[in-house]
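In our numbering, the protein residues as written are 2 to 407.
One structure is given here, and the rest of the page talks about it.
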Amino acid sequence: MGLSVGEIALDDPRFYASQPHAAYRLLREQAPVFRYEPGDFWAISKHADVVAISRDPALFSSAHGVAIDERKHPERIDARELPHGEMMLTVDPPRHGQLRKVLAHHFKTSALLPFSEAIRALVRRNLDEAAELGVANFADLVSIRTAIQTICVGLDLPRADWDELKRLSATQTTGFDASADADFQVAIDGFEALRSYFVDALADRRAHPRGEDDWMTTLVQAKIDGEHLPLDTQLLFCIDLLTAGNETTDPLIASGTLGLWQHPDQRTRLRDDRELIPNAVNELLRWVTPVHTMTRTAMADTELRGVEIAAGDFIVLLYPSANRDEEVWGDDADRIDVARPNVAKQLAFGTGIHICLGAHLARLEGQLFFDELLTRYPDYEVAGEVERTPSTLVNAISNLPIALRG
Ligand code: HEM
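The following block contains the structure:
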């Protein structure tokens with residue numbers, strides 16, 4: 002018997018980890034604006050609708066929660082917030098634009114290019130160390146490491162702290178889906194530890210400002226309407242950049258590596274034509290879709306595809322579904338095509354005012370990574386079972402046995 006929309010478990014982290022592309026297709030075909038009663042939200046699966054909602058922040062607010070878990074456990078939201086802090090991801094205009102402007106210039110391509118050599122060097126080291134082990138868990142040794150190290154280079158944090166920051170960062174994303182309060186406590190403890198780490202790091206920047214290209218120096222010196230940002234806002238900026246900056250590029254690297262292995266013709270094509278790398282990274286972003294969902298809240302009664310949505314309703318944007326929508330990508334949406342022509346339409350970074358601030362950094366990291374992988378170990382093999390991390394938020398892999406071969 003085939004799948005029915007009633008069997009789709011949109012608030013279950015395991016559902017997302019199962020890569021449920023058949024379920025997404027069913028939703029697109031039968032219920033593109035789907036009322037998921039158990040979760041008390043609407044699920045949006047069509048590309049055009051995800052775009053329309055993301056580009057209308059007045060009607061669809063980000064200020065009342067951006068994660069499924071916040072609907073499930075509203076009592077937990079306060080525990081993760083700083084009383085005087087604002088985070089750009091969860092703020093609406095006009096304040097959103099003011100906050101985003103503080104750091105935006107650091108995330109332009111031209112400002113990021115100077116990091117290229119440092120990122121390339123750490124990619125090489127991670128690949129070579131994993132290669133020495135024969136079959137190694139690529140997730141642990143390559144993708145997670147590359148992701149955290151890159152964002153720590155960006156934030157200019159001491160190398161000795163990187164491993165601990167990775168551990169603490171992971172408690173934030175898994176904490177979002179914690180089913181038990183005890184597990185959620187781990188996320189709270191992690192948040193507290195990150196908070197106190199960045200209190201010290203920001204105090205150091207205040208006492209010893211670094212160059213004008215230093216992100217945290219900009220944060221401590223920035224003023225909006227003549228006022229410095231409250232410390233809590235500066236802290237949320239740092240914690241957000243650290244977590245958003247690595248929990249997302251890790252899946253791009255891990256699942257992208259897996260995907261190219263599953264599409265040997267595309268791997269060979271890319272190995273032989275490096276000019277395709279920028280397009281290929283966009284295609285891997287589409288095919289992998291590192292972030293499963295973001296949410297919005299309707300600010301007024303409205304209608305979508307003839308379905309009535311009431312003010313206050315919660316809305317889940319299903320990015321992996323939008324990124325495989327046949328209407329945009331055609332019949333081969335499930336395949337990787339490194340030369341796909343319209344790949345700029347992919348929605349892995351969202352769209353509209355909240356479009357990922359770190360998109361250029363993520364692309365740069367992905368481009369350097371796949372270039373190095375295909376130069377050093379073009380004949381790599383996946384050599385065992387792949388295990389994915391249950392999460393409503395990120396599409397991470399926990400175990401990816403790979404033999405790196407040159
Ligand atoms: C492959 C990697 C990445 C993916 C797939 C990704 C995805 C996303 C998505 C889906 C959003 C929300 C869009 C929305 O709500 O409309 C977002 C926002 C954001 N991302 Fe990323 N991200 C990635 C890498 C990064 C990196 C490397 C950084 C930091 C350096 C970063 C920082 C942010 C920030 C600060 C926001 C909030 C922007 C705003 O609200 O204006 N992300 N990202």
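For glycine and all other residues, C-beta sits at the position ideal for the given N, C-alpha and C.
Whose CA, out of the options, lies closest to the CA of residue i?
{"i": "Ser399", "options": "Arg126, Arg125 and Ile145", "result": "Ile145"}
{"i": "Thr249", "options": "Lys167, Gly212 and Asp93", "result": "Lys167"}
{"i": "Asp215", "options": "Ser63, Leu60 and His106", "result": "His106"}
{"i": "Gln20", "options": "Leu401, Phe35, Pro391 and Arg406", "result": "Pro391"}
{"i": "Leu394", "options": "Glu366, Gly353, Ala349 and Val383", "result": "Ala349"}
{"i": "Arg101", "options": "Ile337, Asp380 and Leu220", "result": "Leu220"}
{"i": "Pro39", "options": "His65, Val51 and Ile69", "result": "Ile69"}
{"i": "Leu114", "options": "Val143, Gly155 and Leu134", "result": "Gly155"}
{"i": "Gln99", "options": "Ala183, Glu228 and Ile240", "result": "Glu228"}
{"i": "Ala360", "options": "Leu253, Leu318 and Arg275", "result": "Leu253"}
{"i": "Thr175", "options": "Asp13, Asn280, Arg336 and Ser197", "result": "Asp13"}
{"i": "Arg275", "options": "Leu243, Ile240, His293 and Leu375", "result": "Leu375"}
{"i": "Phe192", "options": "Ala171, Val92, Thr218 and Gln31", "result": "Ala171"}
{"i": "Pro379", "options": "Leu319, Arg211 and Leu128", "result": "Leu128"}
{"i": "Ser46", "options": "Arg341, Tyr381, Arg325 and Leu365", "result": "Arg325"}
{"i": "Tyr198", "options": "Ala323, Lys224, Ala181 and Asp162", "result": "Asp162"}
{"i": "Phe177", "options": "Arg96, Met295, Asp93 and Phe35", "result": "Met295"}
{"i": "Leu195", "options": "Leu259, Leu286, Ala334 and Leu243", "result": "Leu243"}
I'd like the list of long-range same chain contacts for residue i, defined as Cβ closer than 6 Å, with 5 residues on each side in sequence excluded.
{"i": "Met2", "result": "In this prediction, Met2 scores a pLDDT of 49, lower than 50, which makes its location untrustworthy; the coordinate-derived value is nonetheless stated afterwards. Result list for Met2: empty, nothing under 6 Å."}
{"i": "Leu358", "result": "Phe108"}
{"i": "Asp139", "result": "The sequence given here has Phe at residue 139, not Asp. Answer for Phe139: Leu401 and Ile403, listed in chain order."}
{"i": "Glu71", "result": "Ile78"}
{"i": "Ala281", "result": "Leu271 and Val339"}
{"i": "Gly1", "result": "The chain is shown only over 2 to 407; residue 1 falls outside these bounds and no answer can be derived."}
In three-state terms, what does DSSP make of residue i?
{"i": "Lys109", "result": "coil"}
{"i": "Val136", "result": "strand"}
{"i": "His22", "result": "helix"}
{"i": "Pro94", "result": "coil"}
{"i": "Lys47", "result": "coil"}
{"i": "Phe350", "result": "coil"}
{"i": "His361", "result": "helix"}
{"i": "Ala119", "result": "helix"}
{"i": "Val292", "result": "strand"}
{"i": "Arg325", "result": "coil"}
{"i": "Thr303", "result": "strand"}
{"i": "Asp332", "result": "coil"}
Just to check my reading of the structure: residue i and residue j have Cβ atoms closer than 8 Å, yes? What is that Cβ distance to the nearest angstrom?
{"i": "Asp43", "j": "Ile316", "result": "The question names Asp, but residue 43 in the sequence shown is Trp. 5 Å between Cβ atoms; contact."}
{"i": "Arg268", "j": "Pro33", "result": "Not quite, the Cβ-Cβ distance comes to about 34 Å (not below 8 Å), so this is no contact."}
{"i": "Val67", "j": "Leu83", "result": "Contact flag wrong, Cβ pair sits at about 16 Å."}
Grab me the residues of residue i's own chain with a C-beta within less than 7 Å of its C-beta, minus the 5 sequence neighbours each way, in chain order.
{"i": "Ala179", "result": "Phe185 and Ala188"}
{"i": "Val256", "result": "For clarity, residue 256 is Ser in the given sequence; the question names Val instead. Cβ neighbours of Ser256 beyond the five flanking positions: Val289, Asn396 and Ile398."}
{"i": "Val124", "result": "Thr147, Leu369, Phe370 and Glu373"}
Enumerate in chain order the residues of its own chain whose CB-to-CB distance from residue i is below 8 Å, with the five nearest sequence positions on each side excluded.
{"i": "Phe61", "result": "Ile54, Ser55, Arg297, Thr298, Ala299, Met300 and Ile316"}
{"i": "Ile278", "result": "Leu271, Gln368, Phe371 and Asp372"}
{"i": "Asp302", "result": "Glu309, Ile310, Ala311 and Ala312"}
{"i": "Ala131", "result": "Ala137, Phe139, Leu142, Val143, Ile403 and Leu405"}
{"i": "Lys73", "result": "Asp12 and Gly40"}
Within the 8 Å Cβ cut-off, does residue i reach chain B?
{"i": "Asp332", "result": "No chain B is present in this structure, which holds just one protein chain."}
Less than 7 Å separating the Cβ of residue i from some heavy atom of the ligand ATP?
{"i": "Phe350", "result": "The ligand ATP is not part of this structure, which contains only the ligand HEM."}
Next on the checklist: Count Cβ pairs between the stretch 312–332 and the stretch 261–268 that sit closer than 8 Å; are there 3 or more?
Outcome noted: no
Next on the checklist: Would you call the stretch 327–335 in contact with the stretch 71–91, where contact means no fewer than 3 C-beta pairs closer than 8 Å?
Outcome noted: When C-beta atoms of the stretch 327–335 are compared with those of the stretch 71–91, fewer than three pairs fall below 8 Å, so the two segments do not count as touching.
Checklist entry - Touching or not, the stretch 188–203 and the stretch 232–244, by the rule of three or more beta carbon pairs under 8 Å? => result yes
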